[in-house]
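*Asks:* Below you will find the structure I want to go over with you.
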Ligand code: DAK
């Protein structure tokens, strides 16, 4: 499908999705979030795609939900339509790994979108923030919950209550992002990580996502059992035999997702 607010390219098993509303610093409006959900569904269904990279521009990953679109909406409209509820679900439902490659602003819904991805690689120009307090609202797409789990209560409260931005160095130190690279190297680094993931067994990458995400939702004991059972279950796959066999034969594994 052709998109107006995204640029989607698929090559070498990687689906690169670029948010493309430069006039509004990639602010997330209904159209963009709808198209993003659709692009992710298509990537999920496309057997050639094994990893997804989500990025924005050099200046902004996304500067938040579109304030112009939201400003005049009533409670009845946002509650009645469950504003952005279905769109957020589409991102969370994706079983293929999604890497957020963030340069520039990732604010409000933009920061929340990055946190919904599986991990974040940041350019040294990245700035994260939950400045919704300046607009008289709180975060609405997971910011109070996810940021707190990433960086702890004190820093999360600081970010949400003051609305200040966090630079890439602080984001890495506090566990929000997995790596920081010079801005010029961002896409090379993100695509390199995606290429590495694309060579793994897709069954195993899905299992990793399920297990790590369960750590947010289950008591530790249940999470450990879930992980152990997944580990056991993967012994039913050809990819487990191939992976372990290849190690013993000192060659690179050729996974077939079976
Ligand atoms: N919405 C709409 N337009 C935006 C925008 C935004 N979030 N951010 C920037 N723009 C537009 C600006 O209006 C400007 O447009 P023109 O005036 O040129 O037409 C253009 O992008 C360039 O922005 P600036 O001129 O402001 O650029 P600067 O470099 O001076 O400043 C900035 C960059 C990122 C610091 C500044 O633009 C800024 O503070 N932007 C707003 C950041 C913000 O407050 N973000 C949080 C938005 S609230 C929910 C789910 C999610 C959410 C809510 C509910 N549910 C599931 C219920 C999320 C809420 C939010 O994200």
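Residue numbers (full-length UniProt numbering): 1 to 258. C-beta atoms are modelled at their ideal positions from N, C-alpha and C, and glycine is treated no differently.
1. With a cut-off of 8 Å on the beta carbons, I'd call residue 118 and residue 209 a contact; round off their distance for me.
2. Is the number of C-beta pairs between the segment 99-117 and the segment 226-246 that are closer than 8 Å three or more?
3. Tell me whether residue 14 is buried or exposed, calling it buried when 16 or more other Cβ atoms sit within 10 Å of its Cβ.
4. Can residue 87 and residue 143 be called in contact, C-beta distance under 8 Å?
5. Do residue 17 and residue 52 have their CB atoms nearer than 8 Å?
6. Start and end of the beta strand (DSSP E) containing residue 51?
7. When the Cβ atoms of the segment 127-141 are set against those of the segment 245-257, are three or more pairs found closer than 8 Å?
8. Is residue 115 close to the ligand DAK? I mean its beta-carbon at under 7 Å from any heavy atom of the ligand.
9. Taking the runs of the alpha helix (DSSP H) that are 4 residues or longer, which of them lie wholly in the segment 38-92?
10. Going by Cα to Cα distance, which pick from 188, 180 and 148 is closest to residue 216?
11. With respect to 7 Å, is the separation between the Cβ of residue 24 and the closest non-hydrogen atom of the ligand DAK below this value?
12. Sort 223, 257 and 222 by Cα distance to residue 237 and report the nearest one.
13. Could you name the residues of the same chain whose beta carbon sits closer than 6 Å to that of residue 26, not counting the 5 residues immediately before and after it, in chain order?
14. Does residue 84 pass the burial test, meaning 16 or more other C-beta atoms within 10 Å, or should it be called exposed?
15. Counting only the same chain and skipping the five closest in sequence on each side, list residues whose C-beta sits under 6 Å from that of residue 213.
16. Can you give me the Cβ contacts of residue 146 inside the same chain, cut-off strictly under 6 Å, excluding the 5 residues immediately before and after it?
17. Excluding the five sequence neighbours on either side, which residues of its own chain have a C-beta within less than 8 Å of the C-beta of residue 175, listed in chain order?
18. Below 8 Å between beta carbons: does that hold for residue 101 and residue 190?
19. Tell me whether residue 129 sits in a helix, a strand or coil according to DSSP, three-state version.
20. Residue 193 and residue 99: beta carbons closer than 8 Å?
21. Taking residue 111 as part of the alpha helix (DSSP H), name the residues at either end of that continuous run.
22. Taking residue 9 as part of the beta strand (DSSP E), name the residues at either end of that continuous run.
23. Would residue 69 and residue 30 be called neighbours here (beta carbons separated by less than 8 Å)?
24. Spatial neighbours of residue 179 within its chain, please: CB distance less than 6 Å, with the 5 preceding and 5 following residues excluded, ordered by chain position.
25. What first and last residue would you give for the alpha helix (DSSP H) that runs through residue 123?
26. With respect to the beta strand (DSSP E) encompassing residue 181, which residues constitute its N-terminal and C-terminal limits?
27. Could you pull out every unbroken alpha helix (DSSP H) segment of at least 4 residues lying fully inside the segment 147-189, listed in chain order?
*Replies:* Based on what the coordinates show:
1. Reading the chain shown from its first residue, position 118 is the one you call residue 118. Reading the chain shown from its first residue, position 209 is the one you call residue 209. Cβ-Cβ separation between residue 118 and residue 209: approximately 6 Å, consistent with a contact (criterion under 8 Å).
2. No: fewer than three Cβ pairs fall under 8 Å.
3. On the chain shown, position 14 is the one that residue 14 refers to. By the 10 Å Cβ count, residue 14 comes out buried.
4. Here the question's residue 87 lines up with position 87 in the chain shown. Here the question's residue 143 lines up with position 143 in the chain shown. No, the Cβ-Cβ distance between residue 87 and residue 143 is not below 8 Å.
5. Sequence index remark: in the chain shown, residue 17 carries index 17 (1-based). Sequence index remark: in the chain shown, residue 52 carries index 52 (1-based). Yes, Cβ-Cβ distance for residue 17 and residue 52 is below 8 Å.
6. In the chain shown, the residue the question calls residue 51 occupies position 51. Per DSSP, residue 51 belongs to the beta strand (DSSP E) from 51-55.
7. Flag = no, the segment 127-141 and the segment 245-257 do not touch.
8. On the chain shown, position 115 is the one that residue 115 refers to. Annotation for residue 115 indicates a beta carbon at 7 Å or more from all heavy atoms of the ligand DAK.
9. Here the runs fully enclosed are 67-70 and 75-80.
10. Walking along the chain shown from the start, residue 216 turns up at place 216. Nearest option by C-alpha distance: 148.
11. As a working mapping, residue 24 is identified with position 24 in the chain shown. Because some heavy atom of the ligand DAK lies under 7 Å away, the Cβ of residue 24 counts as near it: yes.
12. The residue you call residue 237 lines up with position 237 of the chain shown. Check the Cα spacing between residue 237 and each of 223, 257 and 222: the tightest is with 257.
13. Within the chain shown, the letter at position 26 stands for residue 26. Here residue 26 has 19, 56, 60 and 62 as same chain residues with Cβ atoms under 6 Å from its own Cβ, once five neighbours each way along the sequence are excluded.
14. Within the chain shown, residue 84 is the residue found at index 84, counting from 1. Residue 84 comes out buried.
15. Here residue 213 corresponds to residue number 213 of the chain shown, with the count starting at 1. Within the same chain, no residue comes within 6 Å of residue 213 by CB-CB distance, once the 5 residues on both sides are set aside.
16. Position 146 of the chain shown holds residue 146. Around residue 146: 115.
17. Counting from 1 along the chain shown, the entry for residue 175 is found at position 175. The residues are 150 and 151.
18. Reading the chain shown from its first residue, position 101 is the one you call residue 101. Reading the chain shown from its first residue, position 190 is the one you call residue 190. In contact: residue 101 and residue 190 (Cβ atoms closer than 8 Å).
19. Taking the first residue of the chain shown as position 1, residue 129 is located at position 129. Residue 129 falls in the strand class under three-state DSSP.
20. Here the question's residue 193 lines up with position 193 in the chain shown. Here the question's residue 99 lines up with position 99 in the chain shown. In terms of Cβ geometry, residue 193 and residue 99 form a close pair [threshold 8 Å].
21. As a working note, residue 111 is residue 111 in the chain shown. Segment 109-116, the alpha helix (DSSP H) holding residue 111.
22. Position 9 of the chain shown, counted from the first residue, corresponds to residue 9. Residues 6-11.
23. Position 69 of the chain shown, counted from the first residue, corresponds to residue 69. Position 30 of the chain shown, counted from the first residue, corresponds to residue 30. Taking 8 Å as the Cβ cut-off, residue 69 and residue 30 qualify as a contacting pair.
24. By one-based count along the chain shown, residue 179 stands at place 179. Closer than 6 Å at Cβ, skipping near neighbours: 121.
25. Indexing the chain shown from 1 puts residue 123 at position 123. Looking at the DSSP string, residue 123 is not in any alpha helix (DSSP H); the run it does join, the beta strand (DSSP E), is 119-123.
26. Your numbering for residue 181 matches position 181 in the chain shown. Residue range 179-181 is occupied by the beta strand (DSSP E) that includes residue 181.
27. The DSSP assignment places complete alpha helix (DSSP H) segments of no fewer than 4 residues inside the segment 147-189 at 148-151, 153-162 and 168-173, in order along the chain.
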